[in-house]
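Trainee: Here you go, one structure.
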Ligand SMILES: Nc1ncnc2c1ncn2[C@@H]1O[C@H](COP(=O)(O)OP(=O)(O)OP(=O)(O)O)[C@@H](O)[C@H]1O
Ligand SMILES: [Mg+2]
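Numbering (the UniProt record's numbering), first residue to last: 1 to 464.
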């Protein structure tokens, strides 16, 4: 397989599998650091937690330099103090071309593959291979697209595409496949496009500056570009980043590249991996590819067991290792698979290899800022009083609980046809949904009525 072939296949899969939704961390757009890597109090959806964000920024710099392999860091702190959020911020700050894999410690306990296979896949998903290739492209401004439907109503469509640069203009005949891609990309006169000659792939670069006054033909994010100069046909160096895992899957005879769509890749034979490693080494020597160490983020890392930790120790010493970031909210606890206790449930020998960053609880002001950002993210209007009450709730229960109430309160508000969430809406959902403390209280009071009541008589006496 050639490097360019691998890149093309992976690109194809990625285009089909992109979805965006509002999730727990979708308001996080980066780490919110300035050029000197100093954290701003509120920026890019991030609030406070300055020390941890500063530390995360330093690690980010390390990753961007790309020279150090196999460094690891642990974010430790109480529940709801933004550990996962900071990791997500790092992912955003790294951008598209640095692989970032996120997984939860518990994910490795799957029946489909062994724990070490799951970890190996996660490691290889986090190593990027930057593939450089020269391709022939046609680049120009669309003067006219003309598509003719056959007069008989059946048969293939035919058409013509007129492209120009500042110096020349040419008419191309279009086949069915090209017509389809032009329609799919909604190419119109005035667009600047490139056509990859080998694959026929069309990419829209933007609208021509000469069309800057055609207001009805643009959306809010229209990008304007200059009409290209010189020849219509040119050679261009393009760079794609694919991951080692993606190359493994494409070459795995049992799975084939379709497995990338489903994510259902099963175990990959070690021979395949050895071949790929050799291939990549070859590409590197020929100057066709570079290695981009990315990030593997393992959340809830205390869920890993001793075998996994030992695997991590070894894997970090490989020269193709990514940067490993872990997070946990556990204190001194048992290491899974042993009877030993250890800080964060992580063996001492692994802890010794880690840079440890800790997060601390938020102030009232910070909770309010986070809640305000979440309201914006969820498109919820909330009155000042309601925000104040919700902040109080956040202080007394948990940040997460108060974030959840935003969505619920907004539904209640909409049901009464209100436009702004009021104090009453908050009160209502506060009584509808229990937080952890009140739920525990409730269970203690009514435990007789539940199945599997495991409290002893004396415990019951104590709590009532
Ligand atoms: N500093 C912050 N700025 C903006 N949003 C934050 C910040 N910290 C936390 N959040 C948001 O609060 C919620 C809880 O935080 P998060 O999930 O990151 O906590 P955690 O430390 O990972 O907790 P756990 O230990 O339970 O996994 C998330 O929706 C997160 O995006
Ligand atoms: Mg978390």
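Built from N, CA and C at the ideal position, the CB exists for glycine as well. Fair warning: this is a prediction, and the values are worked out from it, not measured in the lab.
On the DSSP bridge assignment, give the partners of residue 358 in chain order.
Mentor: Position 358 of the chain shown, counted from the first residue, corresponds to residue 358. Bridge partners of residue 358: 76.
Trainee: What's the gap between the Cα of residue 168 and the Cα of residue 128?
Mentor: Translated into positions along the chain shown, residue 168 becomes position 168. Translated into positions along the chain shown, residue 128 becomes position 128. Going by the C-alpha atoms only, they are around 39 angstroms apart.
Trainee: Note down, in chain order, each residue of its chain lying with its Cβ closer than 8 angstroms to the Cβ of residue 119, except the 5 sequence neighbours on either side.
Mentor: One-based indexing of the chain shown puts residue 119 at position 119. Closer than 8 angstroms at the Cβ level, and outside the excluded window around residue 119, lie 108, 308, 311, 312 and 315.
Trainee: Quick one: grab the DSSP three-state call for residue 206.
Mentor: As a position in the chain shown, residue 206 is number 206, starting the count at 1. Here residue 206 sits in strand by DSSP.
Trainee: Excluding the 5 residues flanking residue 393 on each side, which residues of the same chain have their C-beta closer than 6 angstroms to its C-beta?
Mentor: Start at 1 with the first residue of the chain shown, and residue 393 comes out as number 393. So the list reads 402, once near-sequence residues are dropped.
Trainee: Which residue marks the beginning of the alpha helix (DSSP H) containing residue 198, and which one marks its end?
Mentor: Start at 1 with the first residue of the chain shown, and residue 198 comes out as number 198. Element bounds for residue 198: n/a, residue is neither H nor E.
Trainee: Strictly by DSSP, which residues pair up with residue 136?
Mentor: Numbered from its first residue, the chain shown carries residue 136 at position 136. Looking at the DSSP assignment, residue 136 forms a beta bridge with 235.
Trainee: If you draw a straight line from the C-alpha of residue 387 to the C-alpha of residue 322, how long is it?
Mentor: In the chain shown, counting from the first residue as 1, residue 387 sits at position 387. In the chain shown, counting from the first residue as 1, residue 322 sits at position 322. Approximately 42 angstroms between the Cα atoms of the pair.
Trainee: Thinking just about the alpha-carbon of each residue, which of 223, 205 and 204 is nearest to the one in residue 213?
Mentor: Against the chain shown, residue 213 aligns to sequence position 213. Closest by alpha carbon: 223.
Trainee: To the nearest angstrom, how far is the alpha carbon of residue 63 from that of residue 105?
Mentor: Counted from its first residue, the chain shown places residue 63 at position 63. Counted from its first residue, the chain shown places residue 105 at position 105. One C-alpha to the other measures close to 22 angstroms.
Trainee: Out of 360, 331, 51 and 131, which has the shortest C-alpha to C-alpha gap to residue 282?
Mentor: The residue labelled residue 282 in the question sits at position 282 within the chain shown. Cα-wise, what sits closest to residue 282 is 131.
Trainee: Short of 8 angstroms in beta carbon distance, which residues of its chain neighbour residue 228, apart from the five on each side in sequence? Order them along the chain.
Mentor: As a first step, residue 228 is located in the chain shown; it is residue number 228 there, counting from the start. Only 139, 140, 141, 165, 166 and 192 meet the Cβ criterion.
Trainee: Taking 9 angstroms as the threshold (C-beta atoms), are residue 334 and residue 345 in contact?
Mentor: Here residue 345 is taken as the residue at index 345 of the chain shown, counted from 1. Here residue 334 is taken as the residue at index 334 of the chain shown, counted from 1. Yes, Cβ-Cβ distance for residue 345 and residue 334 is below 9 angstroms.
Trainee: What first and last residue would you give for the beta strand (DSSP E) that runs through residue 159?
Mentor: Sequence index remark: in the chain shown, residue 159 carries index 159 (1-based). Start and end: 158–164.
Trainee: Taking the straight line between their C-alpha atoms, what separation do you get for residue 93 and residue 147?
Mentor: The sequence position of residue 93 within the chain shown is 93, counting from 1. The sequence position of residue 147 within the chain shown is 147, counting from 1. So the alpha carbons of these two residues sit roughly 43 angstroms apart.
Trainee: Quick one, which of 408, 355 and 359 has its alpha-carbon nearest residue 375's?
Mentor: One-based indexing of the chain shown puts residue 375 at position 375. Out of 408, 355 and 359, 408 has the C-alpha closest to the C-alpha of residue 375.
Trainee: Who are the Cβ neighbours of residue 54 in its own chain at under 8 angstroms, not counting the five residues just before and after it?
Mentor: Numbered from its first residue, the chain shown carries residue 54 at position 54. Answer for residue 54: 33, 37, 38 and 39, listed in chain order.
Trainee: Which stretch, first to last residue, makes up the alpha helix (DSSP H) that contains residue 327?
Mentor: Translated into positions along the chain shown, residue 327 becomes position 327. It is not in any alpha helix (DSSP H) - residue 327 instead sits in the beta strand (DSSP E) that spans 323–328.
Trainee: Who are the near neighbours of residue 425 in its chain, counting only those whose CB is closer than 6 angstroms to its CB and skipping five residues on each side?
Mentor: Reading the chain shown from its first residue, position 425 is the one you call residue 425. Result list for residue 425: 409, 412 and 413, in chain order.
Trainee: Tell me the DSSP secondary structure of residue 295 in three-state form.
Mentor: Along the chain shown, read from residue 1 onward, the residue named residue 295 stands at position 295. Strand, per DSSP.
Trainee: Please list the terminal residues of the continuous beta strand (DSSP E) segment that includes residue 40.
Mentor: In the chain shown, counting from the first residue as 1, residue 40 sits at position 40. Taken as a continuous stretch (DSSP letters only), residue 40 belongs to no beta strand (DSSP E), as it is neither H nor E.
Trainee: Helix or strand or just coil, what does DSSP make of residue 224?
Mentor: Counted from its first residue, the chain shown places residue 224 at position 224. If DSSP states are grouped into helix, strand and coil, residue 224 belongs with the strands.
Trainee: Return yes when at least one heavy atom of ligand 1 lies under 8 angstroms from the C-beta of residue 362, else no.
Mentor: In the chain shown, counting from the first residue as 1, residue 362 sits at position 362. Indeed, a heavy atom of ligand 1 lies less than 8 angstroms from the Cβ.
Trainee: Rounding to the nearest angstrom, what Cα-Cα distance links residue 449 and residue 436 in this structure?
Mentor: Counted from its first residue, the chain shown places residue 449 at position 449. Counted from its first residue, the chain shown places residue 436 at position 436. Those two C-alpha atoms are separated by around 19 angstroms.
Trainee: Does the beta carbon of residue 164 fall short of 8 angstroms from some heavy atom of ligand 2?
Mentor: For this step, residue 164 is matched to residue 164 along the chain shown. Checking every heavy atom of ligand 2 against the Cβ of residue 164, none is found closer than 8 angstroms.
Trainee: Quick check: is any heavy atom of ligand 2 less than 8 angstroms from the C-beta of residue 299?
Mentor: Translated into positions along the chain shown, residue 299 becomes position 299. Yes, Cβ of residue 299 sits closer than 8 angstroms to a heavy atom of ligand 2.
Trainee: Taking only three categories from DSSP, how would you classify residue 240?
Mentor: Position 240 of the chain shown, counted from the start, is the residue given in the question as residue 240. Residue 240 falls in the strand class under three-state DSSP.
Trainee: From residue 126 to residue 244, what distance separates their C-alpha atoms?
Mentor: Locating residue 126 in the chain shown gives position 126, counting from the first residue. Locating residue 244 in the chain shown gives position 244, counting from the first residue. Looking at the two C-alpha atoms, the distance is approximately 8 angstroms.
Trainee: With which residues is residue 342 paired in a DSSP beta bridge?
Mentor: Position 342 of the chain shown, counted from the start, is the residue given in the question as residue 342. Paired residues: 333.
Trainee: Taking the alpha-carbon positions, what's the residue 442 to residue 41 distance?
Mentor: If you number the chain shown from 1, residue 442 lands on position 442. If you number the chain shown from 1, residue 41 lands on position 41. Those two C-alpha atoms are separated by around 39 angstroms.
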